[in-house]
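Inspection log for the structure reproduced underneath, given as structure tokens.
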Amino acid sequence: MIELENVTFNFSDKGILRDACFHMDDGEFIGILGPNGGGKSTFLNLVLGLLKPQKGSIKVSDANISYISQTTSLNDSSFPATVEEVVGLGLIGNKPKLFLSKAEKSRIKEVLIELGIYELRKKLVSELSGGQAQRVKVAKALVNNPSLVILDEPDSGMDEASHHALIHIVNDLHKKKVSILFVSHHPHDLEEADRVYFIEGGNISEHEIHECQEHHHHVAI
Amino acid sequence: MLQYDFMRIALIVAILLGVALPLVGSTIVHKRLSSSGDALAHSSLAGVAIGLVAGLNPLWTAVIACVVSFLIIELLRKRFSKYSEVGIVVVLSAAIGIAGILSRYASSSNFDSYLFGSIVLISNLELVLTVVLTSVIVAFTLLFGHQIFSGVYSENEAKVRKVPTRVLNFAHSLLLSLTVALGAKVVGSLVISSMLVLPMAVALQFKKGYWMTLLLSVAISVATMVGGLIASYYLDFPPGATIVSLAVAVLLLSFLIRGLMSIASKNKAEKAK
Numbered sequence: 025m026i027e028l029e030n031v032t033f034n035f036s037d038k039g040i041l042r043d044a045c046f047h048m049d050d051g052e053f054i055g056i057l058g059p060n061g062g063g064k065s066t067f068l069n070l071v072l073g074l075l076k077p078q079k080g081s082i083k084v085s086d087a088n089i090s091y092i093s094q095t096t097s098l099n100d101s102s103f104p105a106t107v108e109e110v111v112g113l114g115l116i117g118n119k120p121k122l123f124l125s126k127a128e129k130s131r132i133k134e135v136l137i138e139l140g141i142y143e144l145r146k147k148l149v150s151e152l153s154g155g156q157a158q159r160v161k162v163a164k165a166l167v168n169n170p171s172l173v174i175l176d177e178p179d180s181g182m183d184e185a186s187h188h189a190l191i192h193i194v195n196d197l198h199k200k201k202v203s204i205l206f207v208s209h210h211p212h213d214l215e216e217a218d219r220v221y222f223i224e225g226g227n228i229s230e231h232e233i234h235e236c237q238e239h240h241h242h243v244a245i
Numbered sequence: 410m411l412q413y414d415f416m417r418i419a420l421i422v423a424i425l426l427g428v429a430l431p432l433v434g435s436t437i438v439h440k441r442l443s444s445s446g447d448a449l450a451h452s453s454l455a456g457v458a459i460g461l462v463a464g465l466n467p468l469w470t471a472v473i474a475c476v477v478s479f480l481i482i483e484l485l486r487k488r489f490s491k492y493s494e495v496g497i498v499v500v501l502s503a504a505i506g507i508a509g510i511l512s513r514y515a516s517s518s519n520f521d522s523y524l525f526g527s528i529v530l531i532s533n534l535e536l537v538l539t540v541v542l543t544s545v546i547v548a549f550t551l552l553f554g555h556q557i558f559s560g561v562y563s564e565n566e567a568k569v570r571k572v573p574t575r576v577l578n579f580a581h582s583l584l585l586s587l588t589v590a591l592g593a594k595v596v597g598s599l600v601i602s603s604m605l606v607l608p609m610a611v612a613l614q615f616k617k618g619y620w621m622t623l624l625l626s627v628a629i630s631v632a633t634m635v636g637g638l639i640a641s642y643y644l645d646f647p648p649g650a651t652i653v654s655l656a657v658a659v660l661l662l663s664f665l666i667r668g669l670m671s672i673a674s675k676n677k678a679e680k681a682k
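Residue numbers (the numbering used here), protein chains in the order written: chain A, 25 to 245; chain B, 410 to 682.
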């Protein structure tokens with residue numbers, strides 16, 4: 025599904041990744057851990073096609089990818105958009121669309137109910153709490169029934185309950201054979217992961233989860 | 410007023426531009442690039458000066474100047490990615506410099522008609538261009554509106570979902586440049602950039618969703634364009650300046666309404682407690 029072969033990217037202002045090799049199969053749950061500035065975001069941006077590698081190759085199979093980004097976007101604080109409008113953006117792709125179909129509208133309703141934010145559907149995203157806003161992002165990512173979900177530290181600004189709900193959703197998706205690539209700074213978020221990679225100083229290496237927990241603890245100290 | 414052909418045409422153009430301006434202007438407001446409208450308006454003026462001095466049709470040279478300026482702004486935005494407003498300031502300054510120097514050699518009445526607009530002196534070509542451009546902008550918004558919304562909300566997420574953001578950004582900016590060049594002739598280059606932003610600024614006060622805000626901005630824009638034109642006819646004021654002054658007055662009124670609405674909702678909440 026995702027294959028990186030000897031990928032190098034080195035721009036001081038955009039991040040660093042050195043000679044990275046990585047693979048991920050269909051239906052796998054891969055966790056990514058590492059300190060801030062270690063190269064996690066660079067890795068994700070390369071996988072997402074937002075950056076082009078200077079060396080090496082990246083193959084991402086033609087999957088239906090959903091991406092839950094790290095921070096609530098700059099726009100969320102003032103953007104005039106309702107919860108259901110933002111969730112509907114998850115259904116917008118490369119083809120122009122005059123209106124959302126009846127089936128698409130009912131899918132939006134379904135996912136809003138699933139995430140417990142149906143009552144908020146007419147509210148502006150700028151009026152939501154951090155936790156509610158992140159639930160909207162998750163709903164936007166799930167609305168098009170993705171085959172691969174990429175999460176970049178999605179718990180920023182989330183309260184405890186929303187965080188637990190998110191981990192529960194991720195684990196559920198994995199059980200339904202949806203591929204998960206989860207970048208987190210909490211090793212315990214990745215307990216159900218099939219494999220865990222650690223990225224530090226632009227280097228990526230595969231580890232057992234308990235090694236990462238120890239390393240993470242060491243880095244945190 | 411309607412017995413005069415020029416006023417009937419002016420009203421049609423005011424309605425058409427009233428629709429077109431917020432449709433292209435909303436995107437630059439959402440992207441926090443409102444001042445790019447200003448840079449393009451000044452570029453259109455530089456284009457007019459070049460056209461008048463070179464003996465070419467100033468409308469076409471204004472269009473070319475706007476498109477070239479937009480390309481330069483985009484290029485400089487990439488060059489100074491963390492200081493994207495630098496490109497806008499560079500183009501704005503260059504345009505003012507060129508327009509200022511060349512205006513000395515251009516006929517002042519012609520130059521002034523672009524500076525302050527001449528909505529009551531619209532040629533058949535300008536009328537046809539306004540009809541075509543507005544139709545294209547409406548069709549573009551209907552067809553690609555969801556994708557534009559997606560790119561404006563989060564460009565990276567839109568790219569991941571394969572939304573053709575680069576092509577859409579280019580097409581939008583081209584339409585924006587053409588609207589500014591044509592609108593500068595009609596309402597004046599000094600006020601055209603305000604009319605790109607002010608209706609949206611008013612609509613934002615009502616805190617509605619994306620589509621409702623866009624519709625509101627179109628309604629406010631048409632109302633202020635037509636209202637300003639009618640007021641200018643009866644008060645014998647310059648049309649462009651009257652339109653933009655009315656738009657500013659509507660914005661101030663919307664602040665007042667918004668303030669009263671929030672006081673009322675606070676009182677209601679306190680009573681409920």
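Even for Gly, the Cβ is constructed at its ideal location relative to N, Cα and C.
Listed along the chain, the chain A residues whose CB falls inside 7 angstroms of the CB of residue 570 of chain B are 116, 117.
A distance of 8 angstroms or more separates the beta carbons of residue 660 of chain B and residue 628 of chain B. Beta-bridge annotation (DSSP): residue 29 of chain A is paired with A/81. Among the residues of chain A, none has a CB under 9 angstroms from the CB of residue 412 of chain B; the nearest is roughly 41 angstroms distant.
Contact between residue 446 of chain B and residue 437 of chain B holds, with the beta-carbon distance rounding to 6 angstroms and staying under 8 angstroms.
At a cut-off of 8 angstroms between beta-carbon atoms, residue 559 of chain B makes contact with chain A.
The segment 180-195 of chain A makes no contact with the segment 124-131 of chain A, as fewer than three CB pairs between them are under 8 angstroms. Within the same chain, Cβ atoms closer than 7 angstroms to the Cβ of residue 574 of chain B are found at 560, 564, 567, 568, the five residues on either side in sequence being excluded. Among the bridge pairs identified by DSSP, residue 227 of chain A is matched with A/224. Within chain A, the residues placing a beta-carbon under 7 angstroms from that of residue 566 of chain B are 91, 93, ordered along the chain.
Going by C-alpha positions, residue 485 of chain B is about 50 angstroms away from residue 676 of chain B. Apart from the 5 residues on each side of it in sequence, residue 496 of chain B sits with its Cβ closer than 6 angstroms to the Cβ of 482, 485, 486 in its chain, given in chain order. At a cut-off of 8 angstroms between C-beta atoms, residue 648 of chain B does not count as an interface residue with respect to chain A. In the three-state DSSP reduction, residue 414 of chain B falls in the helix class (H, G or I). Going by beta carbons, residue 173 of chain A and residue 90 of chain A fall inside the 8 angstroms limit. Where residue 605 of chain B is concerned, the enclosing alpha helix (DSSP H) starts and stops at 598-613.
Not one beta carbon of chain B lies nearer than 8 angstroms to the beta carbon of residue 143 of chain A. For residue 185 of chain A, no CB of chain B lies under 8 angstroms from its own CB, so it is not counted at the interface with that chain.
Looking only at A/62, A/51, A/55, A/76, the smallest Cα-Cα distance to residue 33 of chain A is reached by A/76. At a cut-off of 8 angstroms between beta-carbon atoms, residue 166 of chain A makes no contact with chain B. Of the residues B/581, B/542, B/414, B/489, the one whose Cα lies closest to the Cα of residue 592 of chain B is B/542. Contact between the segment 416-435 of chain B and the segment 588-605 of chain B is present: 3 or more CB-CB pairs across the two stretches fall below 8 angstroms.
Secondary structure at residue 534 of chain B: helix, using DSSP grouped into helix, strand and coil.
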